[in-house]
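UniProt numbering applies: residue 1 is where the sequence shown begins, and numbers increase by one. Structure, as structure tokens:
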Amino acid sequence: MSEMHLSDVNTLRKRARSHVENGAVTEGYNADREEILRLLNESLATELVCVLRYKRHHFMANGLKASVAASEFLEHATQEAEHADKLAERIVQLGGAPEFDPDLLSRHSHAQYVAGNTLKEMVYEDLVAERIAIDSYREIIQYIGDKDPTTRRLFEEILAQEEEHADDMADILQDL
Ligand SMILES: [Fe+2]
Ligand SMILES: [Fe+2]
């Protein structure tokens with residue numbers, strides 16, 4: 001096995017002291033920061049659009065007395081909001097600004113906002129949106145590679161939960 005050589009301590013210490021105003025972004029940061037910030041903001045838009053879509057579906061399904069789907073929609077809305085918070089937090093750590101402008105959200109989002117009228121339409125559209133998120137997050141993870149492990153791990157955690165969401169929607173759809 002080949003030995004792993006960490007930069008020597010003096011270099012590490014000197015590097016850490018230069019540009020301290022950049023906070024978590026050190027000289028060793030290997031990724032294209034602007035590109036990572038763009039991907040994070042597009043993902044933030046995706047999550048926020050998903051929160052809104054799941055919220056509508058939750059209240060509409062309540063009206064249809066479809067309580068199992070309604071509570072599932074609410075749980076997903078809550079988890080998408082948590083994903084959005086984590087993405088926004090990471091954007092700030094990397095020296096960027098999270099975009100919350102409602103006029104830009106649907107333009108930047110990978111997944112769409114489809115209202116859906118029947119319960120079946122709603123579940124179907126949620127499943128499609130989850131599948132879009134899964135594919136885009138998987139591509140982002142591949143793009144990041146080992147250039148920014150923290151951001152990659154964040155996307156991996158979110159991806160795992162989107163796969164659960166897609167599975168939940170597929171289960172409900174089967175019974176409709
Ligand atoms: Fe999400
Ligand atoms: Fe999701």
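Glycine included, every Cβ here is placed at the ideal spot set by N, Cα and C.
Query                                                                                                                                                                 : Result
Which residue's Cα is closest to the Cα of residue 174: 123, 102, 41, 74?                                                                                             : 123
Would the region 144-153 and the region 68-82 be scored as touching if the rule is three or more Cβ pairs under 8 Å?                                                  : no
So does residue 133 have its beta carbon nearer than 7 Å to some heavy atom of ligand 1?                                                                              : yes
If you reduce the DSSP assignment to three classes, tell me which class residue 60 lands in.                                                                          : helix
Is it the case that the CB of residue 83 approaches a heavy atom of ligand 1 more closely than 7 Å?                                                                   : yes
Considering only the alpha carbon of each residue, which of 115, 156, 141, 48 lies closest to residue 103?                                                            : 48
Which residues mark the beginning and the end of the alpha helix (DSSP H) in which residue 151 is found?                                                              : 149-174
Taking just the CA atoms, how far does residue 114 sit from residue 7?                                                                                                : 51 Å
For residue 169, count neighbouring Cβ atoms within 10 angstroms of its own Cβ and tell me buried if that reaches 16, exposed if not.                                 : buried
Can you find the residues in the same chain that come closer than 7 Å, C-beta to C-beta, to residue 73, ignoring five residues on each side of it along the sequence? : 54, 57, 58, 61
Below 6 Å CB to CB, which residues in the same chain sit around residue 51 once its five sequence neighbours on both sides are set aside?                             : 77, 80, 81
Taking Cβ positions, are residue 157 and residue 130 nearer each other than 8 Å?                                                                                      : no
Taking only runs that begin and end inside the region 88-126, name each unbroken beta strand (DSSP E) of 3 or more residues, in chain order.                          : none
Can you tell me whether residue 5 is buried or exposed, with buried defined as 16 or more other CB within 10 angstroms of its CB?                                     : exposed
Would you mind stating whether residue 46 and residue 111 have Cβ atoms separated by less than 8 Å?                                                                   : yes
Which one of 95, 35, 63 has the shortest CA to CA distance from residue 117?                                                                                          : 63
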